[in-house]
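Residue numbers for the sequence shown follow full-length UniProt numbering, so the first one is 1 and each next one is one higher.
Note that beta-carbon positions come from the ideal geometry of N, C-alpha and C, so glycine has one too.
Here the structure is laid out as structure tokens; the discussion comes afterwards.
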Amino acid sequence: MHNATTAALYADVDYTSLSWIEQQWMAWYLYIGNPILATGLMSFLMHEIVYFGRSIPWIIVDAIPYFRRWKLQAAKIPTKQEQWECTKQVLFSHFMVELPVIWLFHPMAEAFGMRTYEVPLPTFREWAPQVALFFVFEDMFHYFAHQALHYGPLYKHIHKIHHKYSAPFGLAAEYAHPAEVAILGTGTIAGPVLYCALTSNLHIFSMYIWIVLRLFQAIDAHSGYDFPWSLQHWLPFWSGAEHHDFHHMAFTNNFSTSFRWWDRMLGTDDKYLAYRARVKAAKNAIKNASQEDRDKMEQKLMAEVEAEGVRAEAEVLRGMEKQKVQ
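Put into structure tokens, the structure is as follows:
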């Protein structure tokens, strides 16, 4: 396939039978002329455009005071300096970790039987259940890998970077040590690769849909905002920013990404549930108070939880030092 001619790629394709998007897909591969280069370029550009394209609206929201009413930690708005430092680290990981993997993905995908340049593209009925399976697999993988990253040495040398922000923001979704990007990124890639290896029925177009949705999920979970229309209010098992924000604030609990069920089944949401119960009880106790008083009450409870999180983080690091001494 390397340096294959356009005639060899699409010799038997009836161009007139293709949809508009299929025609554009075909035109891209014809224009680049090399399927490995075409897939690599498209994959990397898609990732960068979606990641920063989805992050920019959250930067705008953070800059508009009107939206603070839905900010989970309203007193903590990222500064321009924090956003720039975050962007530099994210770009470093994108180019030094993700770009090489993306560049090598085409030959690996074809080795597992994944379709890449081929048309027609999969229909909704084909890709929708595949993407659903990838969400479930990645959530399971991320839950256990994320818990492992809270183990002393792994936390100190790798995961601590991601916990720099106790109040996360959209750009910080992939603000992490390159090793963490590789570890947790495995869960994103492994689902489609395993599915393809087992079924021999997967098009990279389906994987692109999965990655776009996964990026949206990760960025929104780190946005720091809980709107009345946020997905977790419609799907109770969805994680969302309200769930993940607590993890950054409290250091412990809520290790999953997309769904809440692993934390619920294994009891790693006990502090989170206790916190939500305290907030609800306190709001009921002062339901006739002003909005300002209710906000102060919630900020007080948040400060208590964050202080507990600081102590929990310090305990992990102390435990590591004790192991060194022994």
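Per DSSP, what kind of secondary structure is H222 in: helix, strand or coil?
coil
Pick from S223, V131, V181, F92: whose alpha carbon is nearest that of Y165?
S223
Residue(s) in a DSSP beta bridge with R115
H203
Does the distance from the CB of W103 to the CB of S206 come in under 9 Å?
no
Residue span of the alpha helix (DSSP H) that contains D263, given as start and end
261 to 265
Decide yes or no for the touch test of the stretch 171 to 185 against the stretch 87 to 98: beta carbon pairs closer than 8 Å, at least 3 of them.
yes
Nearest residue (CA-CA) to Q81, options E110, I59, L72, H142
I59
Name, in chain order, the residues that DSSP records as bridge partners for W238.
F259
Using the rule of at least 16 other Cβ atoms within 10 Å of the residue's Cβ for burial, across every protein chain shown, is H2 buried or exposed?
Its pLDDT being 43, under 50, H2 is placed unreliably by the model, and the measurement read from it follows with that caveat. Under this definition H2 is an exposed residue.
How about A190 and F141: are their beta carbons less than 9 Å apart?
yes
Identify whether P76 lies in helix, strand or coil by the three-state DSSP scheme.
The sequence shown places Lys at residue 76, rather than the Pro named in the question. In the structure shown, K76 sits in coil (DSSP, three-state: anything other than H, G, I, E or B).
Buried versus exposed, by CB contacts within 10 Å (16 or more), V310
exposed
Let me confirm a value: P65 is counted as buried when at least 16 other C-beta atoms fall within 10 Å, else exposed. Which label applies?
exposed
Going by the CB atoms, is the gap between K271 and A241 shorter than 9 Å?
no
In terms of residues, what are the limits of the alpha helix (DSSP H) holding M26?
20 to 32
Around the C-beta of L235, are 16 or more other C-beta atoms found within 10 angstroms, so that it is buried, or is it exposed?
exposed
Give me whichever residues DSSP pairs with K300 in a beta bridge.
Looking at the DSSP assignment, K300 forms no beta bridge with any residue, so it has no partner.
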